[in-house]
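In my numbering, the protein residues as written are 352 to 1022.
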């Protein structure tokens, strides 16, 4: 290390002096069975890694001791088997918060690997409670398999595998436990895309370092708390690391290259573009190829999002082009640059690769086929130690499962982001399509639990047109997605992919259920009133209010509190009325439908008024007749008194707590 370079100070770190490495490809062993299938073993071990040529080597945790881990290449519909062996030390080299779920009464070092974006049986999905310690000496309550089976029954795409252990994901991924999983199919083979030496997976992360070159991660937030070490609301580093190198360069030929970009950061988002303003040619998203390539100027990636891009360097021989980051959340003059392309290599042979006019055949889902529409708030509260904590559907991780889709059902989920920040929401097992985003009156929702839209629906961004497994739920907006729950039943997850948020209870279970009708079920318990504002048009404003206090975002300090539910049975009786009584939490969708007669049996609730003209779920619907039948008392099941539910608390300056003076070694930015 030269004297001038201080790893803690990005101003002293030379940029574009390390060549971008390409992750090695994993080599399979062979599974001895009736059918020979590829079998891999990846060992999680502690190793030393060089992040920069002027840094001392740093301790990392890597699959096979590599950072990033080896790239697994698989083929559509050809199963492979992978064993991820935990050979890590018994103590973590990063600060562990023992107050989080599973950390308090379990071993300090635990791992389980999740194949992000995979259509896979839940026992091979990498459930956070399926963790295990070194040599499987202790295992979590959901652990059942040492060997993961990946059937690869999905379109070719860019997946990635990473650690997903309960309460340790932020530390284990930051330590290096991540790698690419490239799934290829016949469409890719026919498309004549850039390949081989002209295809690069690009893992973008941010890091900070101590003076000795070791990885820095904070052991406390930037405000006083009674816990040490303590989780922080979100960590961003002061350098950009690509494929394990700080601000690297890549020498390229004047021809087309394919780059599979992945945001593997804990918290930081990126808006990626080229310094010469040349357009990017996007060919795929999280879940695979687009129907056709499209030219875009930039692409935003929140943590865990991927994009498949072709860059044509043929017109820029002898030029230097920087891959830049224009995200404004945590930007500074150092993190505005990601890496550099030097168009300095001679053309080895004629570039015969192509950008096809068409790619994947459209297999869209349609709103009128959805069985259930769920309204899922993203809210803020504080934990027992006074720390800010973010919640999904007003619940902590350990609360009973509320999202229980039926196998082979189509659902619409609305993420109502009542926090001050965007959140990347990831659903396990499935790929979905983004339908729209729509702004709402956040103050009204926070104070009274009423959802009033303040503007028209917004289409997905141009770079979000394909299949996704992670979506940006924008602050102050309702983000609507549609998905098909198919192939597998069992225990899955949905969570924010800001890793500090995920580890601190912004994660919820999903139970995909077999042998149940894909219609409204009693477990979908939140009931909404939907009505139009009288002084605004349908496309401009809609109001949704809850018929019980549980629709108001909650302060979860009493885990045993249970909202009042009215559990009812459906009937075929049809009586005409001018009112609609919606069933709890999720609302059966009636879109683009005519001459529908529907009946709903329910108990009347005190002081609740309904106006069916405002229901956003009844778009383009004519001549719909509903009935409302009052049930006998013995058919109504009251779970608990609603007065026992605590009232919501919403910090007006969420997470933006006073900055305290900190030790020199820890004086960094946390978000």
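The beta carbon of each residue, even a glycine, is placed where N, CA and C say it ideally should be. Small disclaimer: the values here were computed from a predicted structure and weren't measured.
The DSSP-derived three-state label of residue 540 is helix. In the displayed model, residue 659 falls within a strand according to three-state DSSP. Remark: C-beta atoms of residue 656 and residue 821 approach each other more closely than 8 Å.
By a beta-carbon distance limit of 8 Å, residue 590 contacts residue 559. Their separation comes to about 7 Å. Between the region 826-836 and the region 756-770 there are three or more inter-stretch CB-CB distances shorter than 8 Å, so the stretches are counted as touching. For residue 775, the secondary structure class from DSSP, reduced to helix, strand or coil, is strand.
When secondary structure is reduced to three states using DSSP, residue 449 falls in the coil class, being assigned neither helix nor strand. Just measuring C-alpha positions, the residue of 616, 552, 490 sitting nearest residue 479 is 490. Here residue 521 carries a helix assignment [DSSP, helix/strand/coil]. When the five nearest sequence neighbours on each side are left out, the beta carbons in the same chain lying within less than 7 Å of the beta carbon of residue 842 are those of 473, 478, 493, 860, 862, in order along the chain. In the three-state reduction of the DSSP assignment, residue 643 falls in the strand class. Counting every other CB atom within 10 Å of its CB across the protein chains shown gives residue 537 a total below 16, marking it as exposed. Excluding five sequence positions before and after residue 855, the CB atoms of its chain that fall closer than 6 Å to its own CB belong to 582, 740, given in chain order. Annotation: the region 794-878 contains the following complete segments of the alpha helix (DSSP H) (minimum length 4 residues), in chain order: 850-854. Under the 10 Å beta carbon count, residue 442 is surrounded by fewer than 16 other beta carbons and is classified as exposed. Under the 8 Å Cβ criterion, the region 406-422 does not count as touching the region 726-737, having fewer than three qualifying pairs. Judged by DSSP secondary structure, residue 457 falls outside any beta strand (DSSP E); it is assigned neither H nor E. Beyond the five residues adjoining it in sequence on each side, residue 539 comes within less than 8 Å, by CB distance, of 507, 640 in the same chain, given in chain order. Rounded to whole angstroms, the Cβ separation of residue 603 and residue 676 is 20 Å, and the two are not in contact under 8 Å. Between residue 510 and residue 469, the C-beta gap is smaller than 8 Å, which places the two residues in contact. As for any alpha helix (DSSP H) of minimum length 4 sitting wholly inside the region 537-594, the runs are 537-542, ordered along the chain. Pairwise C-beta distances place the region 356-372 in contact with the region 591-602, as three or more of them are shorter than 8 Å.
Annotation: residue 627 to residue 378 spans about 38 Å, alpha carbon to alpha carbon. The Cβ-Cβ distance between residue 633 and residue 814 falls below 8 Å. The residues 428, 470, 838, in chain order, have a CB closer than 7 Å to that of residue 504 in the same chain once the five nearest residues on each side in sequence are set aside. The C-beta distance from residue 570 to residue 440 rounds to 18 Å, too long to meet the 8 Å contact threshold. A straight-line Cα-Cα distance of about 14 Å links residue 460 and residue 411.
When DSSP reads this structure, residue 746 sits in a beta bridge with 743.
Shown here, residue 719 sits in a helix according to DSSP, grouped into three states. Between residue 547 and residue 796, the alpha-carbon positions lie close to 52 Å from each other.
Look at residue 359 here: in three-state DSSP terms it is coil, with no helix or strand label. For the pair residue 711 and residue 868, the CB atoms are not nearer than the 8 Å cut-off.
Straight across, the Cα-Cα distance linking residue 432 with residue 426 is about 13 Å.
In the DSSP assignment, residue 607 is bridged to 663. Between the alpha carbons of residue 485 and residue 746 lies a distance of about 32 Å. Fully enclosed beta strand (DSSP E) runs of no fewer than 3 residues occupy 388-400, 409-414 of the region 386-421, in order along the chain.
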